[in-house]
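Chemist:
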Amino acid sequence: MDPEAAKLMGKLIGAGIACIGMGGAGVGVGVIFGNYLSGALRNPAAAASQFSNLIFGFAVTEALGIFSLVIAFLLLYAV
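Under full-length UniProt numbering, the first residue of the sequence shown carries the number 1, and numbering increases by one thereafter.
1) Since N35 is in the alpha helix (DSSP H), which residue starts that stretch and which ends it?
2) Using only alpha-carbon positions, find the residue among G30, A15, M1 that is nearest to L75.
3) How close, in whole Å, do the beta carbons of G21 and L64 come, if the pair is a contact with beta carbons under 8 Å?
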């Protein structure tokens, strides 16, 4: 196999694997909001106190998705 072709193949496979994290971020956001809604419906008095935890979980989950996208771009264009 040509070394340049192997390098390109490695880049593309690595970027594809890194993009799996973006799908996980979408699923994670759905789980976070679903669990918050479920808890808020069971105990509406505690919903306001848990809203900051909801926003923090959303931010961390989205940050992980963005980090995986950055890693994919680095693998494709910087290496």
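By construction, the Cβ of each residue, glycine as well, lies at the ideal position given by its N, Cα and C atoms.
Modeler: In brief:
1) For N35, the uninterrupted alpha helix (DSSP H) run begins and ends at 20–42, by DSSP.
2) A15
3) 6 Å
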